[in-house]
Amino acid sequence: MSRTANLRAFLAALVIIATPVFAQAPGVPGTAPAPAADPVTQPLSEPEEIQTQPATQEAPAAADPSSTGNAAQQPGTETDPTAAQPAAPGDDGALGAEDMGDDAMLAESSVPPPGFTGIYGRVVDETNGEGLIEATVKVVTGAQKQVLTDLDGYYKVALPPGKHDLRVFYDVYQGRRITGVVVTQGKATKLDVALSADEGAVQEVVVEARADRRAEGALLQERKKAAAVSDAISAQEIARTPDSSASDAVKRVVSATVVDGRYVLLRGLGGRYSTTLLNGALLPSPEPDEPSVPLDIFPTNLLANLNIVKSYTPDLPGTFGGGTLLIETNSYPSEFELKPRITFGGDSVTTFRERNSQAQGGFGEALGFPSSSRQLPNAIPRDAQLGASGESREVLAQQFRSFPNIWEARRTTALPNMGVGVSVGDTLRFGNSRLGYLVSGNYGHRDGVQEGTFARASRDENDQLYAFESASNSQGFETASLSGLGSVGFQIDRDNELTWFGLYTRGTDTRTHTAVASNLIRSERQESTRLQFVSRQLFFNQLRGFHRLGLLGDAELDWQANVSRVDRDEPDTRDTLYLNNFNIPGTVPTFPNQPNSGERFFAELGETSTGGSLNVTVPLSAVKLKAGGLAQVSFRDFGARRFRYLLGTTPVDRSLPPEQLFAPENLGTSINVRDSTRADDAYDAYLGIFSGYVSADAQPLDALRLVGGVRLETSSQVLTLKDPFTGARGTENRSDYANLLPSLNAIYALTPTVNLRGGYSYTLARPTFRELAPFIYFDFVRRRNVSGNPNLQQTRIHNVDARLEWFAGENEVLAASAFYKRFENPIERVINNPEAQDLSYRNAAGADTYGVELEARASLARLTETLRDVRVGANLTLIRSEVDLGDTVVGAQTNQRRPLQGQSPYVINFNAGYLRPQSGTEFTVLYNVYGPRISEVGVQRLPDVYERPFHRVDISVAQQLGSAQLKLTAANLLNASVTLRQESVVVQSYKPGIAFSASLGWSL
Amino acid sequence: MKRLLASLLTLSALSLTPACGDDDNTPDNPNPPPTDTTEDVSSNITQDTTWKSGFTYTLKNYVFVESGTLTIEPGARILGDQGSALVITRNARIHAVGTAASPIVFTSSRPVGSRASGDWGGVVLLGKGHVNVAGGENAVEGFFASESNPLTRYGGGATPDERHNCGALNYVRIEFAGFELSEDNELNGLTVAGCGSDTNLDYIQVHLGADDGIEFFGGSANLSHAVVTQADDDSLDYDLGYNGKIQFFIAQQNAVVGNYGIEASGNRNDNAATPRSAPEIWNATFIGSGRPEGTSPVQSGMVFNTGAGGKLNNIIVAHFADFAIDVSGTASAALWNQATPELYLRNTFFWSNRGDTTSIQYVPNPTVDSSGNITNPDASNFNEQERVLASGLNNRVLDPQLADARNLTAPNFMPVAGSPALNPDNAASPPGGFFDPSARFVGALGTENWLAGWTAFPEN
């Protein structure tokens, strides 16, 4: 069997999965009108008139094959009265001249008579522009009137002066809601409405809640009317980038920073301060070492959009610091589609070069399934310490020999990266009901090499910093990921809708490290190896509902319920370390019988989480009230085992390489295995969050909107140490909190296109289980241990924001913000044990952060018409932060005045794109960098460890080739290196290399 | 009756060997003790507590004496489970005063025959003395997540109590202890951190301990009549400004894995930190195993690094596999000077280190980069051969003629009759005060074997 054979089998499996979908597909496309090719908002050429004509085929991003959106985000459908631009009464003077008689209820003519006070217009099919007969136009505020369109689709409805919200709907078409339409005494306000027959066929699109958020234009509109400060990136925009996963895509958003290629920082703030919500649900983190969700598990084609909310509103969970990342997954194509995609890639430091590998694994692991040979051998007792049950020497020796005798790194040639994926989707109709689905499957395989250096710093007798230990290390890795996504939406009728979303991802990550180090204090040369393998899986299920209640002024109810399971399994990580003393020439490396040499480590983590949330929105005439609640409970179970190989009584040549030294014949005689599992190697943990909120959205003045409210959030976080063998529960560490989270946001429309915003909120951040658990993990690369701190407290955060934003034109925005945050008890990563430079976490007393943020997105058509097809986006965030260590002796922290750990002083993102619709060519350049930030707080006069800026430049080119699209990308063109420094000493450095990929996708 | 029986057993053992060769010779009930004399200890101790003579206490986990005094009566036996240790915090004291006939024994809870170094964590004493780290306070090694745990902190901060009394350990044996959590983060047989000069450490044996035998972190506690046999790493280790007094110290190095007789370190992160690690040591014997050279880790007499000193007098350093002494790094080398000597050896016998019976080794400290290339052949610029054997220090290469110092099961560290170690011309008189001024001989033993009766050397 070869790798390619596996691939074939996998493709075959995908085809089988897809076949039934095909089978039911045929009749459907016929009933579906051609979809609008593109969800982009049409330029609002006449901003003073409501114009809901859909985007046409000439729309700028029409070539984007991944877009399946609808035309719901027409400017005229704005919900936010401050942002919407209903026709001003004076603007339709010309129309008013077309006197067509006065019949408010029987709309026979296209133009109302002079003096008519109300709204008139035409309802059309957006694809062919034909009028829709007997479509319903309903006034949902105040007057509660309803009219039907005439044979040509015209309607008019007499209304008193004021602002009115309308709903327009028609069988088999998606309805729309148009809010804030101004009616002036003696004037007729024109409102043409285009309904799409099939776009987003599952739901009645109420823009307020249901805009197709995949389109950039839509997102800007969302931002304009949003109650909170937010930044977003759309699926359309993501598709333009070389990005393959959400972690890449989110970098394009203002002040979003990505760490380790997979964790997001918002406004330069760490994972704890950024909550990720998947369709409104809190996502668990499958990585115990990291407090946030690794975004690289979300392939970009799952994403409807990534939206970062940077000012808090009470309907969000209370954990809010830098911001909340809202991931929304795709809705459904209006007609059957099948989109396979294949990608090949490589990078300059890896592909076709030798890399470290393991003599273990096999085909299963290349597909994402761990090999059983890595599991704890059956001969090893689970419920008792090895050797504690009075086993005889012979039995013990048998047990020692049950472990695979594989300790050394092998070498292999790195293969190119490969990915295949397919998505299938459709919308089916049953009378007034519609059912849409989208299913996708992805498989990816990647080889990598990371060659780097590592050092440890000390001060000599002259107070000069020097590296007393320096090492070079090489990491070879191989990752495989397999993911499946399913989403099914069922629109029962135009007021009720249910959606199921399911996500399953799994992956294997095989890492083989080798390092050579010189320690000048010990005068030792160290050769070390780690074989590591991690498998992860995430299973997430969510059911969502949306209901228009038809009472309380057309109140809406939305809810979601979710259940998820995360597993992380790290079986049989093996460490060896051999030493020789370079004071004595000619000594050979020998097994030193010391920690981290001859050790095996097994860890299993599982977390189950379930919960739900409910929101009710009641649009009263003056105030829109929103109330809701959330409950989410998570249970984690963690257990680890450790084994250490020790010299026995029989002498043995300790210079033998590990696989000879630990050979079966030596076990039990010259080498013994000790079960070194620690008492804190098992814990279970519980986090329960229960919260409720009320908020009100009022418009005391035409130009002023106030959104305020309060959330009560109670949480209970319990970490209980367990006996790693018996499971007997021991010390319980419990933190209960009940917190009020007030917030107020004000939006003042200086002009119809310029908003001034201000906001305040008081939010919180919690330590993760990993940060609380006293469990110890050995960081091989930095040769130190990392452990949690059970005494960590929750952080509270005061947030103040101000923002001036100008929505200059379609897809164009200029914004300037200032923000201030006061952290109480922020959690920082500090060097715990100065001798070993081990790492732990502790609360500082406080920290102050001030920031300024500038953002611009524009088309260069503003400069010259020839550059109409070039669009640029840039954002710059400058942040000043200072930690407050309080009165207590903060141990021996070196700097009493320094930035908050993890806070970058600046973030710069820039992107430029060129699109030539005629040829279906797209070219994009991206640049981003984040300023130096403290990775670890230094103690004992050693400087803080700073992560240096990483300048990233990526380009991508996409070309349409009939029904196929070819995309070529190059990432990290500057070949930048990741560097951590402790003043003059480079503590860690490596080059990830320049990565290239080519992908070909088809839309069938 | 039991005591009498025990004493008789002890006496009979004494008549056979100068020190007991078998754990069973200690004053324990030879029969399994009745259940009412055994007790499991799993909770922290917060008030005055007494562990009784004739009883066996099993430590189930880390037991912190948070406050009060833990009194352990002579003959009490304390067993440690894996993952256990006894920690006397800086707000508490220990009073474990045994007798030569009835020592207090801390050992592994595993059955005799299957015990090994590192079976349990050991004994930790924490005090409010000085420690030369910034802030004068530190978290003791061997515990994780201890930064914010007040129970593992030691040192008196800005106002250290140089006389802080951590209590008394007299006639105490600690066996099969030590715990290597990770490199540079270990529990030793006996860890003494930040204890002051009123602490009474006299007649202590640490046998087959993982990591170091006895390690001092800062403080100025004094130690006398101490034996460390077959430690996994160093026999005596001191760091972070320890500057107490030590007299009558014996180290017998583990043949397989033992590293240094003394590993003296200053502050690794800050080699200029004061007070210096520079204890005054009189009458000490360091015995290597004499195994072939060139295995890692090195087996050598002593190393002084990262700004550590030591004032050593009347010392024997013999039979170490790789070298006798290494002054490593310029920070420690600078302390070896005429004007303000904080590092010296005087009246010392070196013998057969790396098999050399005529000299000692010059140990260069090359600087090596991460690729293994030597960038400086001797960064310390200290030639041990010339400097340590310089005239005026009365150091010589001479056979101390010890009876049976390398015997692992029944060692005898006494100089034989006529040994040059007993010649007062080769030695100096200790200054008095804490030191016994009558000990004008080289090494830890003169004519009185103070090991007799209370020590033991069980293999497993």
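So the protein sequences, as listed, match chains D and V.
Mapping to our numbering: the first sequence position 932 is 950, numbers consecutive.
Mapping to our numbering: the second sequence position 255 is 966, numbers consecutive.
We put the beta carbon where it would ideally sit given N, CA and C, even for glycine.
All values derive from a computational prediction rather than experimental measurement.
Note down, in chain order, each residue of its chain lying with its Cβ closer than 8 Å to the Cβ of residue i, except the 5 sequence neighbours on either side.
{"i": "D:L295", "result": "L301, L334, P335, T342, L343, L344 and I345"}
{"i": "D:L1022", "result": "E355, L356, K357, P358 and S981"}
{"i": "D:T409", "result": "Reading the sequence as shown, one finds Glu at residue 409 of chain D and not Thr. Hits under 8 Å: Q417."}
{"i": "D:E954", "result": "R847, V848, I849, L857, Q919, D962 and V963"}
{"i": "V:D872", "result": "G838, K839, G840 and G907"}
{"i": "D:T608", "result": "Y596, L597, N598, R672 and S673"}
Closer than 6 Å by C-beta to residue i: which residues in its own chain qualify, once you throw out the five before and the five after it? Chain order, please.
{"i": "D:Q468", "result": "Q493 and Y1008"}
{"i": "D:A930", "result": "V890 and V943"}
{"i": "D:A533", "result": "A489, N491 and S546"}
{"i": "D:E617", "result": "D593 and R662"}
{"i": "V:L862", "result": "F775 and T800"}
{"i": "D:T834", "result": "A quick correction: the sequence has Ala, not Thr, at residue 834 of chain D. For D:A834, where only same-chain residues beyond five positions count, the Cβ hits under 6 Å are L822 and L872."}
{"i": "V:H1208", "result": "Because chain V spans 712 through 1171 in this model, residue 1208 of chain V falls outside it and cannot be assessed."}
{"i": "V:H936", "result": "D913, Y914, F959 and W1161"}
What do you get for residue i, buried or exposed, if any count of 16 or more other CB atoms within 10 angstroms of its CB means buried?
{"i": "D:Q13", "result": "Because chain D is modelled from 19 through 1022, residue 13 of chain D falls outside the range shown and cannot be assessed."}
{"i": "V:D1136", "result": "exposed"}
{"i": "D:Q914", "result": "exposed"}
{"i": "V:R1151", "result": "buried"}
{"i": "V:L1051", "result": "It should be noted that the sequence gives Thr, not Leu, for residue 1051 of chain V. So V:T1051 counts as exposed."}
{"i": "D:P917", "result": "buried"}
{"i": "D:Q482", "result": "exposed"}
{"i": "D:A432", "result": "buried"}
{"i": "D:F448", "result": "exposed"}
{"i": "V:A1044", "result": "buried"}
{"i": "V:D1037", "result": "buried"}
Under 7 Å Cβ to Cβ from residue i, same chain only, skipping five residues before and after it: list those, please.
{"i": "D:I539", "result": "F486"}
{"i": "D:G204", "result": "G133 and T135"}
{"i": "D:L768", "result": "L774"}
{"i": "V:E1170", "result": "T1120"}
{"i": "D:D120", "result": "With a pLDDT of 36 at D:D120, under the threshold of 50, the predicted position of this residue should be treated as unreliable, and no value is reported."}
{"i": "D:R747", "result": "T738 and K740"}
{"i": "D:S395", "result": "In the sequence as displayed, the identity of residue 395 of chain D is Pro instead of Ser. These residues qualify, in order along the chain: S420 and F421."}
What does DSSP give as the partner residue(s) for residue i in the beta ladder?
{"i": "V:W1161", "result": "Answer by DSSP bridge pairing: none, since V:W1161 is not bridged."}
{"i": "D:T942", "result": "D:G931 and D:S974"}
{"i": "V:P1126", "result": "V:L1113"}
{"i": "V:D981", "result": "D:R477"}
{"i": "D:H816", "result": "D:Y780 and D:R840"}
Consider the C-beta atom of residue i and the heavy atoms of the ligand FAD; say whether any pair is separated by less than 7 Å.
{"i": "D:P335", "result": "In terms of ligand content, the structure shown is empty, and the ligand FAD therefore cannot be addressed."}
Problem set entry | Those runs of the beta strand (DSSP E) which lie wholly inside the stretch 767 to 816 of chain V and span at least 3 residues | 767 to 770, 773 to 776, 779 to 783, 788 to 791, 796 to 799 and 803 to 808
Exercise. Are three or more beta carbon pairs between the stretch 649 to 661 of chain D and the stretch 609 to 625 of chain D nearer than 8 Å?
Worked result: yes
Exercise. Are the stretch 698 to 711 of chain D and the stretch 780 to 798 of chain D touching by the rule of at least three beta carbon pairs closer than 8 Å?
Worked result: yes
Exercise. Do the stretch 1097 to 1112 of chain V and the stretch 1074 to 1084 of chain V touch if we need at least three Cβ pairs shorter than 8 Å?
Worked result: no
Exercise. Using 8 Å as the Cβ pair cut-off and three pairs as the minimum, do the stretch 725 to 738 of chain D and the stretch 749 to 766 of chain D touch?
Worked result: yes
Exercise. Whole beta strand (DSSP E) runs in the stretch 631 to 666 of chain D with 3 or more residues, listed along the chain?
Worked result: 641 to 665
For this session: Identify every run of the alpha helix (DSSP H) within the stretch 544 to 617 of chain D, keeping only runs that are complete inside it and at least 4 residues long; order them along the chain.
Result: none
Problem set entry | Minimum length 3: unbroken beta strand (DSSP E) runs contained in the stretch 679 to 752 of chain D | 689 to 693, 700 to 719 and 722 to 740
Exercise. Which runs of the beta strand (DSSP E) spanning at least 3 residues fall entirely within the stretch 902 to 981 of chain V, listed in chain order?
Worked result: 911 to 918, 925 to 928, 933 to 940, 947 to 950, 956 to 963 and 971 to 976
For this session: Taking 8 Å as the threshold, find out whether the stretch 909 to 925 of chain V comes into contact with the stretch 1161 to 1169 of chain V through three or more Cβ pairs.
Result: yes
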